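Here is the structure we will look at.
Number of protein chains: 2
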Amino acid sequence: MVSLAKADILSHIENDQCDAYILSESSLFVWDHSVVILTCGLSTLIDSVSALIDKVTVDKLTYIRYQRKNEYLAYLQASTFIDDISTLRQRVPGTACRVGHLDNHHHFLFTSDKSCQIVPQDKTCELLMYHISGSVADYLCTEQQTVADIYQLLLLDKLFAGFEYDAHVFTPLGFSINGIKDNFYYTIHITPQEQSSYVSLETNVNLEQHQFDIAATLLAILKPRSWDIIGFDTEMAAPTVPKNICVGHCSYPIQQGYNVHFSHYQQTCPEVLSPEFL
Amino acid sequence: MVSLAKADILSHIENDQCDAYILSESSLFVWDHSVVILTCGLSTLIDSVSALIDKVTVDKLTYIRYQRKNEYLAYLQASTFIDDISTLRQRVPGTACRVGHLDNHHHFLFTSDKSCQIVPQDKTCELLMYHISGSVADYLCTEQQTVADIYQLLLLDKLFAGFEYDAHVFTPLGFSINGIKDNFYYTIHITPQEQSSYVSLETNVNLEQHQFDIAATLLAILKPRSWDIIGFDTEMAAPTVPKNICVGHCSYPIQQGYNVHFSHYQQTCPEVLSPEFL
């Protein structure tokens, strides 16, 4: 499954309920009855998902969700989301949509149409941060960065207390971490390069009932220029730091009886842009 | 030149100094010593520009500027900006850049490197409006729209007093207008369809010295969710209606001794988004 996505397994941790893999291109989590795979770059996730569907067989699959975010430089990719849903629909009937305008942050989502009861574990939240700034962002652009420092700077010991974790610092820059505790997971991926920095968090920890406001803490530390919050059966409170406006938001129900929430935030302070010479 | 861009000439007006053509895919203006061509959709502007350079010959060309905005659904286009500058650089040395992040409004610009004194006529300004709203936006989505009504609703008799004009309403929807007066021009193109509406204004009228605030008036009438202002040797005052923030801005000098200004504005009021099913 990983090699079909054009990725490699770099390392692995596990507990009684979950196996977590750091991939060369993001992360894979495997439970007895479900799988989450995230990839990035020039990976071919659709090939991996198609093969998994064929292997498991459609009859035994309860639910499939397939997501891609804004397609920038889409001509560099092996497929578009439109191509991908055509591949998926040859196997599984499903509903696909784009949330958000093409000229702004947006998100593509395919969900299978079969009715089912979503397990509580699927209360997933994603925080996608663009153009981070400040002292932690500066540190993340240094070649001396270490897993221990990043873990501490992001306050992960506090935010995800009791989680076993597996993390990598990449050369020249970049950081990935998987954390697991019982059937809960979180994964953070950092591409810190100036001009196009991006940090993603995905977790099934219930952020509404968590001791700390995980999203607010990470936003205050990483100070992104803009960010998106995507919630499946969960909604995150609007953060106040950095000072921001909600550009757009959307909530809509899917077949399995829960809501998808999408919100896009933008710092109010204008950014001084530099021309990027080509 | 027009057919190479995969466009057709629909109509034509002229005065002593300028010929102005409405094209199936935007507009063309021709003076004795300069040309402005705008195209959209699946047109192949680079083929047209390359042929023009070859015909005129590089030695006789003083200055070339080639622009494209955000490339969404770029895989549907015959070429990317990167392809286009490679084609241009086979003919003319030039500087190319992107202003604005890929995940937000941005603009691609190529300018030839030959030193020259820009003529005052080149004080050009562009106002690019996304997701218009309100009663005029609603009218522009009706099939009963007429040139006379649109001309009046946009207050063009006041904003561009004394300009001769040529305008078309398209089926099912859409509007284009060219106006000329002496060596001045303006052109407005409207794609009013909900979910992806877009209105552009381009003019060499000096907006800083004009009797009316043209940009502020059009923004108040069309109420776009977001808009960009691009100025060549001219800068537009930040508009206050609709209530907005400046997301990012950039000013940088080009070889010919003037500044390019880019600013991106966003309404502060959050937009309720609808999923667009695919």
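First to last, the protein sequences are chains A and B.
Note that my numbering has the first sequence beginning at 2, numbered continuously upward.
Note that my numbering has the second sequence beginning at 2, numbered continuously upward.
We put the CB at the ideal spot given by N, CA and C, even for glycine.
Model, not experiment: these values are computed from the prediction.
What is the DSSP secondary structure of residue i, counted as helix, strand or coil?
i         : result
B:Gln-210 : helix
B:Ala-97  : strand
B:Asp-20  : strand
A:Phe-229 : Reading off the sequence shown, one finds Asp at residue 229 of chain A, where the question assumed Phe. Strand, per DSSP.
B:Ile-215 : helix
B:Ile-10  : strand
B:Leu-223 : helix
Here's the rule I'm using: 16 or more other beta-carbon atoms within 10 Å means buried, otherwise exposed. How should residue i be labelled?
i         : result
A:Ser-264 : buried
B:Lys-61  : exposed
A:Lys-124 : buried
A:Phe-30  : buried
B:Gln-146 : buried
B:Val-93  : buried
B:Phe-213 : exposed
A:Arg-69  : buried
B:His-211 : exposed
B:Pro-297 : Residue 297 of chain B falls outside the range modelled here, since chain B spans only 2 to 279, and no answer is possible.
A:Ser-1   : Since the displayed chain A opens at 2 and closes at 279, residue 1 of chain A lies outside it and no answer follows.
A:His-262 : buried
A:Val-37  : buried
What does the alpha-carbon distance come out to for the pair residue i and residue j?
i         : j         : result
B:Ala-217 : B:Thr-241 : 8 Å
B:Pro-271 : A:His-250 : 7 Å
A:Gly-135 : A:Gln-268 : 14 Å
B:Val-200 : A:Glu-144 : 46 Å
A:Ser-252 : B:Ser-49  : 45 Å
A:Ser-44  : A:Glu-203 : 19 Å
A:Ser-12  : A:Tyr-22  : 6 Å
A:Lys-244 : A:Phe-164 : 31 Å
B:Gly-258 : B:Phe-111 : 15 Å
A:Thr-192 : A:Ala-8   : 17 Å
B:Asp-234 : A:Asn-260 : 49 Å
B:Val-248 : A:Gln-18  : 45 Å
B:His-83  : A:Val-57  : Sequence inspection shows Ile at residue 83 of chain B; the His mentioned does not correspond to that position. Distance between the alpha carbons of B:Ile-83 and A:Val-57 is about 42 Å.
A:Ile-172 : A:Phe-109 : The question names Ile, but residue 172 of chain A in the sequence shown is Thr. Each residue's alpha carbon lies about 30 Å from the other.
A:Asn-71  : B:Ile-181 : 40 Å
A:Leu-274 : B:His-190 : 27 Å
B:Tyr-166 : B:Ile-14  : 7 Å
B:Asp-104 : A:Ala-75  : 12 Å
A:Cys-142 : A:Gln-196 : 12 Å
B:Leu-77  : A:Gln-78  : 13 Å
B:Arg-99  : B:Tyr-64  : 19 Å
A:Asn-205 : A:Arg-66  : 14 Å
A:His-132 : B:Gly-101 : 12 Å
A:Tyr-73  : B:Glu-209 : 35 Å
A:Val-170 : A:Gln-194 : 14 Å
B:Arg-226 : A:Ser-227 : 17 Å
A:Met-237 : B:Glu-277 : 23 Å
Any heavy atom of the ligand HEM inside 7 Å of the beta-carbon of residue i?
i         : result
B:Ala-239 : The ligand HEM is not part of the structure shown, which contains no ligands of any sort.
In its own chain, which residues sit with a C-beta less than 7 Å from the C-beta of residue i, not counting the 5 before and 5 after it?
i         : result
A:Gln-256 : Thr-96, Thr-112, Asp-114, Ser-116
A:Leu-39  : Ser-27, Ser-28, Thr-188, Glu-203
A:Ser-25  : Ala-8, Asp-9, Leu-11
A:Trp-32  : Gln-18, Cys-19, Asn-184
A:Ser-51  : Thr-88, Arg-92
A:Ala-239 : Cys-247
Please list, in chain order, all residues of the same chain as residue i whose beta carbon is under 6 Å from its beta carbon, the five residues on each side excluded.
i         : result
A:Asp-229 : His-106, Leu-129, His-265
B:Ile-86  : Ala-97, Phe-111
B:Glu-127 : Glu-203, Ile-231
A:Leu-46  : Ala-6, Thr-40
B:Tyr-140 : none
A:Phe-161 : Gly-180, Tyr-187
B:Ile-215 : Leu-160, Leu-208
Suppose the cutoff is 8 Å on Cβ atoms and the five residues either side in sequence are ignored; what does the same chain contact list for residue i look like?
i         : result
B:Ala-168 : Ile-23, Val-148, Ile-151, Tyr-152, Phe-176, Ser-177, Ile-178, Asn-179
A:Ile-222 : Gly-135, Val-137, Leu-154, Leu-155, Leu-156
B:Gln-118 : Gln-257, Gly-258
B:Leu-220 : Leu-128, Met-130, Trp-228, Pro-240, Val-242, Pro-243
message: Going residue by residue through the segment 136 to 190 of chain A, where are the continuous alpha helix (DSSP H) segments of at least 4 residues, counting only ones entirely within it?
response: Listed in chain order, the alpha helix (DSSP H) runs fully inside the segment 136 to 190 of chain A are 136 to 141, 148 to 154, 157 to 160, counting runs of at least 4 residues.
field: Complete runs of the beta strand (DSSP E) confined to the segment 34 to 100 of chain A [at least 3 residues]
entry: The segment 34 to 100 of chain A contains, as complete beta strand (DSSP E) runs of 3+ residues, the segments 36 to 39, 66 to 70, 95 to 100 (chain order).
query: Where are the beta strand (DSSP E) runs, 3 residues long or more, that stay fully inside the segment 234 to 279 of chain B, in chain order?
result: 245 to 255, 259 to 268
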